[in-house]
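Under the numbering used here, think of the first position of the sequence shown as 436, with each following residue one higher.
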Amino acid sequence: GRTKEEILLTAHICHPSLANDNLSGITLLAFVAKLLPENPRYTYRFLFIPGTIGSITWLALNQRKTKNIKHGLVASLLGDAGGFTYKKSRRGNTEIDQVVNNVLVTCGKEYQHIDFFPYGYDERQFCSPGFNLAVGNLSRSQFGQFPEYHTSADNLDFIKAEYLQESFEIYQHILYTLEKNNYWINQNPYCEPQLGKRGLYDSIGGFSDRKEMQMAMLWILNLSDGEHSLLDIAEKSGYDFDLIVKVSELLEKKKLLFLKPQSHLDT
């Protein structure tokens, strides 16, 4: 990645005969790793470890590395027909919590959010009070809430490729949003800048809805104060995140925005 800030993605490997409760997470993350974009913003760390003892051991041996972990997800139970379940991080209001919520709301699929509780998968180790990392758990059916859980019925007949593909696409959407969720600063913050002389009215001709694009531009210019992310702006304005990203990139080209300096973790 271009920075030392990390996205942690982990799956447990200690239930070798269970398709949904073990192999689905491993398979999904293997494809995520294979299809990472070139030159991503974040550095990606993939952990394939035994549940509980694996995360405890890794954390004990790598405590100094945890300061680089900005976001994280535990991947499990991703091949069944259930709706999506997101268990929030211990803090409950981190960027990963916001991004997963936004993706699930906009994807049009059945989902539920549950608050953090100190039982479950390895999120409970990463979210222990000494570390308190921004790590959530995104699955389909919640663990222990379906009859096949931890039985021989959790086999390859129980999971379906279409559900695993759907889960993979949700994970990809989450990572895309994290990669693009920048904080910008308006270079002309004292009243609205004159857009015509910068050729911005000509530039919006390529957008299907000129009025929507123009309003998105005004929202971005007003809220690009270094305190609002692009996702914050999308949620406040009601416009699609992809539109906000495209318009912010246009405004950067016109030298109306610059990126907020990154943290001390950056290379």
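Note that CB positions come from ideal geometry on N, CA and C, so glycine has one too.
Cα-Cα separation, residue i to residue j
i       : j       : result
Val-535 : Ala-510 : 13 Å
Thr-702 : Tyr-611 : At Thr-702 the pLDDT is 35, less than 50, meaning the model places this residue with poor confidence and gives no usable figure here.
Ser-563 : Tyr-554 : 11 Å
Ala-495 : Glu-473 : 31 Å
Asn-657 : Pro-624 : 8 Å
Pro-485 : Ser-452 : 14 Å
Gly-436 : Ala-468 : 13 Å
Lys-500 : Met-652 : 39 Å
Asn-497 : Ile-461 : 22 Å
Ile-488 : Ile-668 : 41 Å
Ile-448 : Arg-645 : 50 Å
Gly-673 : His-585 : 42 Å
Phe-603 : Lys-671 : 28 Å
Lys-688 : Pro-696 : 17 Å
His-608 : Thr-541 : 10 Å
Gly-631 : Glu-597 : 48 Å
Ser-629 : Leu-635 : Just to set this straight, residue 629 is Gln in the shown sequence, not Ser. So the two alpha carbons sit approximately 9 Å from each other.
Cys-626 : Phe-552 : 46 Å
8 Å contact criterion, which residue i and residue j should meet: CB distance rounded
i       : j       : result
Ala-395 : Arg-526 : In the structure as shown, the chain begins at 436 and stops at 702. Residue 395 is therefore absent and cannot be evaluated.
Ile-620 : Gly-661 : 5 Å
Asn-590 : Phe-676 : About 38 Å; that fails the 8 Å criterion.
Ser-664 : Leu-692 : Actually they are not in contact, since the Cβ atoms of Ser-664 and Leu-692 sit about 13 Å apart, beyond 8 Å.
Asp-515 : Phe-581 : 7 Å
Asn-617 : Leu-694 : 6 Å
Sequence-distant residues of its chain with Cβ nearer than 7 Å to residue i (five each side left out)
i       : result
His-450 : Asp-456, Asn-457
Leu-464 : Leu-444, Ala-446, Phe-481, Ala-510
Leu-512 : Asn-455, Asp-456, Ser-459, Ser-574, Arg-575, Ser-576, Phe-578
Asp-550 : Lys-523, Gly-527
Phe-566 : Leu-494, Thr-501
Arg-431 : Outside the displayed span of the chain (436 to 702) sits residue 431, for which this structure offers no information.
Ser-430 : Absent from the structure is residue 430, since the part of the chain shown begins at 436 and ends at 702.
Leu-599 : Ser-459, Thr-462, Leu-463, Leu-513, Gly-514
Val-680 : Lys-615, Leu-665
Leu-471 : Tyr-479
Phe-466 : Phe-603
Nonlocal neighbours in the same chain, by C-beta distance under 8 Å from residue i, ignoring five residues either side
i       : result
Lys-544 : Gly-518, Phe-519, Glu-601, Ile-605
Ile-491 : Gln-560
Gln-622 : Lys-690, Leu-691, Leu-692, Phe-693
Met-650 : Ser-672, Tyr-674
Ser-587 : Ser-452
Residues near residue i by beta carbon distance below 6 Å, same chain, minus five either side
i       : result
Asn-572 : Val-509, Lys-522, Tyr-556, Glu-558
Thr-529 : Ala-569
Glu-583 : Asp-589, Phe-593
Tyr-546 : Gly-518, Phe-519, Leu-539
His-548 : Tyr-521
Ile-504 : Glu-441, Leu-443, Leu-568
Bridge-paired residues (DSSP) for residue i
i       : result
Trp-654 : Paired residue(s): none; Trp-654 is not in a bridge.
Glu-441 : Thr-478, Ile-504
Asn-621 : Leu-692
Phe-483 : Ala-446
Ala-510 : Leu-573
Gln-547 : Thr-520
Ser-664 : Tyr-618
Quiz item: How do the segment 440-456 and the segment 478-485 stand: do at least 3 beta-carbon pairs fall below 8 Å, yes or no?
Solution: Taking a cut-off of 8 Å for Cβ pairs, the segment 440-456 and the segment 478-485 touch, as three or more such pairs fall below it.
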